[in-house]
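Novice: If you read the protein sequences in the order shown, they are chains A and B. Position in the first sequence (first residue = 1) + 49 = our numbering. Position in the second sequence (first residue = 1) + 49 = our numbering. Idealized CB from N, CA, C, for every residue including glycine. Here it is, the structure in full.
There are 2 protein chains.
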Amino acid sequence: MCSVASRQKAFPMKTYVAFSLLFILSSCTAEAWRPPRFLRPRSHNFSFSNGQIGTPSSKHSVPNSEYEYETKNFTQRLDHFSFKKHANSTFQQRYLINDKHWSGAQAKGPIFLYCGNEGYIEWFAVNSGFMWDIAPQFGALLVFPEHRYYGTSMPYGSHDAAYKDGDSLSYLTAEQAIVDFATLILDLKKNLSAEASPVVLFGGSYGGMLAAWMRLKYPHIAIGALASSAPILQFEDIVPWDTFYDIVSNDFRRESENCFRVIKDSWSLLESYGKKDEGLHEISKKFHICRDVNGIEEIGNWLDSAYSNLAMVDYPYDASFLMPLPAYPIREVCKAIDNFPNDADILDRVFAGVSIYYNYTGETKCFDVNDDPHGENGWNWQACTEMVMPMSSNPESSMFPSFTFDLESYTNDCIKSFGVEPRPYWITTEFGGHSIGTVLKNYGSNIIFSNGLWDPWSGGGVLTNISSSIVALVTEKGAHHLDLRQAREDDPAWLVEQRKAEIQIIKDWIYEYYQEKGLYSFNI
Amino acid sequence: MCSVASRQKAFPMKTYVAFSLLFILSSCTAEAWRPPRFLRPRSHNFSFSNGQIGTPSSKHSVPNSEYEYETKNFTQRLDHFSFKKHANSTFQQRYLINDKHWSGAQAKGPIFLYCGNEGYIEWFAVNSGFMWDIAPQFGALLVFPEHRYYGTSMPYGSHDAAYKDGDSLSYLTAEQAIVDFATLILDLKKNLSAEASPVVLFGGSYGGMLAAWMRLKYPHIAIGALASSAPILQFEDIVPWDTFYDIVSNDFRRESENCFRVIKDSWSLLESYGKKDEGLHEISKKFHICRDVNGIEEIGNWLDSAYSNLAMVDYPYDASFLMPLPAYPIREVCKAIDNFPNDADILDRVFAGVSIYYNYTGETKCFDVNDDPHGENGWNWQACTEMVMPMSSNPESSMFPSFTFDLESYTNDCIKSFGVEPRPYWITTEFGGHSIGTVLKNYGSNIIFSNGLWDPWSGGGVLTNISSSIVALVTEKGAHHLDLRQAREDDPAWLVEQRKAEIQIIKDWIYEYYQEKGLYSFNI
């Protein structure tokens, strides 16, 4: 429940929480601020379409044109888990493949499979430079299957048909997606006569969750998984609900106590604009919004989104993952906020700060805070069905307005939006999570959970070793799946070390696999 | 393909193979003898209804009236793996429960969960005396959930509605059934405040497959599984297709070479009746069939069923599991066959033999070989969808007519019967099976695969230890899940030993679990 009564009126938005692991934009309820509903930034070059991230048209998000691949399609079964007859029982799943460095089927060359997440697969492929970097030394085949209902991998023949309603969306689940990967890779191996090639899974964010879960459920298909920034514990009450926003807040506080304070103080001022005559017009003008906002929550969401996304991509060098940004972007945001006289207007300072995020190139003249009036996309559906990841904002520690996750209003809103009732206990029923240390101590093997503690999603991650082969590689300073990115000359030493450890562990998995297959000559 | 051309005409039956793990009756194709299509004996007291085994009305199958339990229902989700809206989205799943010996929630008393298989749950409950025997020493709660689409646990409100067509049957799968068990037990634990109680799975035959798979897929829900006579490798080409019929044949040959030979020679004689004028009438009369058979294959199936079932229940003492039978029933069958002059009619001898199986009580005046003209039941559907377990009969080693599994005709027949195409590679995609020793060597834990080598299903079982905690307990002489039966004074020493080992291993699992939970005082 919202602890500040006045906010209850100020932000009368949808109540359910749809928190794409890669994109965040806040919404709020009739009672409380809420974590993001919408998943995408609302302005400028980094375009989005169809509620997905990383469209192929957003060319500046493709940092390495040297990544070459073939694009193929695979006829995939719509429903792996029943024998119901459908008019559209199959769909075309897209995947990218690169065999440039593959040592081949005869040599049992390994296959590196990226578990595609909530967006166009090209975007994940080119932002997973680590796989491309290490493919030569492993002689690995690279395969990047797209997640069903994202990119061009649309059941029912088109995006519109796939996203028509709750019924058409009903096969958009993590379990179906994982079997897609399993089915695809088995078929591919058969076609390549590479049945004996070991498969190693990779994934970041939601893709990392899929990689970890796939290794847990399908050990006969993949020998191990690198699950980077995979918050598989962000369900039910496994981790404290405050964690996400506390980490975002600490990321800002670490750079500047003043910056943290300015942001924390800004919400009530923002709110006051919502109550004034002409307030919405004034605040829209102040924040260079192209068209006047319809409610103050639209600005609130826009700011929340910027802060949360900044915490995720607080990389030690300039990058264009979510937005073109400088190195340590939170530091730059806080510099912009701090670089005002003490008596300066707090909202001017906040605007200067978020402009680093939304307009680092300086090319944007005005912002569109609400470019998806339907708010309909794949992750919203997933959040309204199985991906119920509770979050709260603690007034003691968070720089965001206070709110507490409320399942009832979340549920009601999902029923309103999709006619579907979330199953908040399903993920832990299907994949576990509670007492994971005890459960997996003598069970399972070969998973790396990598996390950087600057990443707000690390709060829901596995941060300690579970066994000798289910291990946590944690860096104090890393942001969201930084380790999956391409190596650079200016990588900090701790990142170089983390990747080195990952490579060694993956080598051990493969070496052990070859040993068991009686192929000792392999030398990596 | 049928190796004897004349048989091709003689047995023009359905081509697909539906081999209930507990009941077998043969069918044959236009080209070849086939393993059983129908699942149930056709006569006398052991009644079946609705294509299920072990109806509550078959009282003589309930050996121990001292087994007391409460019967309850649980509202179960029809489709765990999608969010499709159904008019009938839930159904009532029945389960039996006994807490007489439970040490309770506070003591974290263990829960023994039997994974119900293809029939009425009471029947499995009372034929799993081992669980009842050991409950007191473990302080265990006993829970026996019924498998969906069997017994009274019918989706869509009734058997007729559930079995209406391929669409209504489409949620009858092993994966859905396993999640039923998971969901039920989580709910039960919550209601009993027994979240911390360890769950141990038990199952025999198909139920044993479910137990093993559930432990593999849901280690967070069950700490271990005793999978008795679970042929999880009887898929694709993991084990030789001849195995099942070879073991049946060897079971007879071991008792008497002459017996084996008489049976082997009987098929061509049987076939000659199919070609004679009045042959069907004559053979029906000879075999005391109540009404003349419509084709010679009906007798063939009836015999095949008797031999295969006898091999499964070749127990060392008298029992009434499938039929009321004496100790070592194959020995008795062969005695009856051998107890003729050398020049006696072979079919008279065969009839005397199978009469031990079908009419040990001597109460049956005539037999009904075909009491299910529709041949429609749950296992047939399962065999036509995911449970594709290839079998052949090798002319060199088998006493059955020669035939080879043929996926194409199998598929065609399933399409004809249910409008559904089998997915022969699905089980290994979902649960694995190939290279199981390598895959599970460093993965998973706490599964006992128990098998008796007299049991024809042992050919598809796990017969060697995979790791220190995934172990095989194999007895040379045991038949189908003999170890799950109630202990008796006259149990052979090897069976006593096998059960003792099982108890010790289960104790170790529970002890380890308590240790990890910091509860050291437990002493079993």
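Decide if the stretch 171–181 of chain A is in contact with the stretch 116–136 of chain A; the criterion is three or more beta carbon pairs, one per stretch, under 8 angstroms apart.
Specialist: Segments in contact, yes.
Novice: Closer than 9 angstroms, Cβ to any Cβ of chain A: which residues of the stretch 216–228 of chain B, in chain order?
Specialist: Those residues of the stretch 216–228 of chain B that come within reach of chain A (Cβ to Cβ, closer than 9 angstroms) are Asp216, Leu218, Ser219, Tyr220, Leu221, Thr222, Glu224, Gln225, Val228.
Novice: When the Cα atoms are used, what is the spatial distance from A:Ser75 to A:Phe179?
Specialist: Because the pLDDT at A:Ser75 is just 37, under 50, the model does not fix this residue reliably, and the point stays unresolved.
Novice: Run through chain B and tell me which residues come within less than 7 angstroms of A:Thr478, C-beta to C-beta.
Specialist: By Cβ distance, chain B contributes Ala231, Thr232, Leu235.
Novice: Roughly how many angstroms lie between the CA atoms of A:Lys239 and B:Ile519, to the nearest whole one?
Specialist: Each residue's Cα considered, the two are about 29 angstroms apart.
Novice: Any idea what DSSP makes of A:Gly188, helix, strand or coil?
Specialist: Coil at A:Gly188, not helix or strand.
Novice: Which residues, taken in chain order from the stretch 473–502 of chain A, show a beta carbon closer than 9 angstroms to some beta carbon of chain B?
Specialist: So the list reads Tyr474, Trp475, Thr477, Thr478, Glu479, Phe480, Gly481, Gly482, His483, Ser484, Ile485, Gly486, Thr487, Val488, Leu489, Lys490, Asn491, Tyr492, Gly493, Ser494, Asn495, given in the order they occur along the chain.
Novice: Quick one: does A:Lys266 have its CB under 7 angstroms from some CB of chain B?
Specialist: A:Lys266 counts as touching chain B.
Novice: Does A:Phe293 come out as helix, strand or coil in the three-state DSSP assignment?
Specialist: Note: A:Phe293 maps to helix in three-state DSSP.
Novice: Can you tell me whether A:Leu456 is helix, strand or coil according to DSSP?
Specialist: Looking at A:Leu456 - three-state DSSP - the assignment turns out to be helix.
Novice: Go through its chain and collect everything with a Cβ distance to B:Leu218's Cβ below 6 angstroms, but skip five positions before and after it.
Specialist: Trp430.
Novice: Could you check whether the Cβ of A:Thr139 sits closer than 7 angstroms to any Cβ belonging to chain B?
Specialist: No, no contact with chain B.
Novice: Leaving aside the five residues before and after A:Asp128 along the sequence, list all residues of the same chain whose C-beta is less than 8 angstroms from its C-beta, in chain order.
Specialist: Closer than 8 angstroms at Cβ, skipping near neighbours: His135, Ser138, Tyr220, Gln225.
Novice: What do you get for B:Pro185, buried or exposed, if any count of 16 or more other CB atoms within 10 angstroms of its CB means buried?
Specialist: So B:Pro185 counts as exposed.
Novice: Tell me which residue opens and which closes the beta strand (DSSP E) that A:Glu470 is part of.
Specialist: Neither: A:Glu470 is in no beta strand (DSSP E) and is coded neither H nor E.
Novice: Along the alpha helix (DSSP H) that carries B:Asn429, what are the first and last residues, could you check?
Specialist: That run of the alpha helix (DSSP H) goes 427–432.
Novice: Any Cβ of chain A within less than 7 angstroms of the Cβ of B:Lys556?
Specialist: Closer than 7 angstroms: no.
Novice: Return the CA-CA distance between A:Asp182 and A:Asp540, expressed in angstroms with no decimal places.
Specialist: Going by the C-alpha atoms only, they are around 14 angstroms apart.
Novice: Would you call the stretch 230–248 of chain A in contact with the stretch 159–169 of chain A, where contact means no fewer than 3 C-beta pairs closer than 8 angstroms?
Specialist: Judged by Cβ distances under 8 angstroms, the stretch 230–248 of chain A makes contact with the stretch 159–169 of chain A, as three or more pairs qualify.
Novice: Do you know offhand how far B:Ala260's Cα is from B:Phe251's?
Specialist: C-alpha separation (whole angstroms): 6 angstroms.
Novice: So, is the C-beta of B:His269 closer than 7 angstroms to a C-beta in chain A?
Specialist: For B:His269, the answer is yes, since a Cβ of chain A falls inside 7 angstroms of its Cβ.
Novice: 7 angstroms is my cut-off, CB to CB: does A:Gly427 come that close to chain B?
Specialist: Answer no: the Cβ-Cβ gap between A:Gly427 and chain B never drops below 7 angstroms.
Novice: Looking at the structure shown, is B:Phe400 part of a helix, part of a strand, or coil, going by DSSP?
Specialist: In this structure, B:Phe400 counts as helix in the three-state DSSP scheme.
Novice: Let me confirm a value: A:Lys266 is counted as buried when at least 16 other C-beta atoms fall within 10 Å, else exposed. Which label applies?
Specialist: Counting Cβ neighbours within 10 Å, A:Lys266 comes out buried, since at least 16 surround it.
Novice: With DSSP as the reference, identify every bridge partner of A:Arg143, one or two as the case may be.
Specialist: Partner(s): A:Asn122.
Novice: Tell me, please, whether the CB atom of B:Val288 is closer than 7 angstroms to any CB atom in chain A?
Specialist: Not an interface residue.
Novice: Kindly indicate which three-state DSSP category A:Thr410 falls into: helix, strand or coil?
Specialist: The answer is coil: DSSP assigns A:Thr410 none of H, G, I, E or B.
Novice: In whole angstroms, what separates the C-alpha of A:His208 from that of A:Ile464?
Specialist: Between A:His208 and A:Ile464, the C-alpha separation is close to 22 angstroms.
Novice: Rounded to a whole number of angstroms, what is the C-alpha to C-alpha distance between A:Pro378 and A:Val523?
Specialist: About 21 angstroms.
Novice: If you reduce the DSSP assignment to three classes, tell me which class A:Tyr356 lands in.
Specialist: Note: A:Tyr356 maps to helix in three-state DSSP.
Novice: What residues from chain B crowd round A:Lys133, counting only those whose CB sits closer than 7 angstroms?
Specialist: Those within 7 angstroms of A:Lys133 in chain B are Asp216, Ser219.
Novice: What distance in whole Å lies between the Cβ atoms of A:Met448 and A:Phe293, which are believed to be in contact at a cut-off of 8 angstroms?
Specialist: Incorrect: roughly 12 angstroms between the Cβ atoms, too far for contact.
Novice: To which residues of the same chain is A:Gly501 closer than 6 angstroms at the C-beta, ignoring the five residues directly before and after it?
Specialist: Result list for A:Gly501: Thr524, Gly527, Ala528, Leu531, in chain order.
Novice: Buried or exposed: where does B:Asn147 fall if 16 or more other Cβ atoms within 10 Å of its Cβ makes it buried?
Specialist: With 16 or more Cβ atoms within 10 Å of its Cβ, B:Asn147 is classed as buried.
Novice: Let me know if A:Gly100 comes out buried or exposed under the rule of 16 or more other beta-carbons within 10 Å of its beta-carbon.
Specialist: Residue confidence is low: A:Gly100 scores 38 on pLDDT, short of 50, so the model does not pin down where it sits. Its coordinate-derived value is still stated next. With 16 or more other Cβ atoms within 10 Å, it is buried.
Novice: Can you tell me whether A:Ile155 is buried or exposed? The criterion is at least 16 other CB atoms within 10 Å of its CB, across all chains shown.
Specialist: It is worth fixing the name first, because residue 155 of chain A is Gln in this sequence and not Ile. A:Gln155 comes out exposed.
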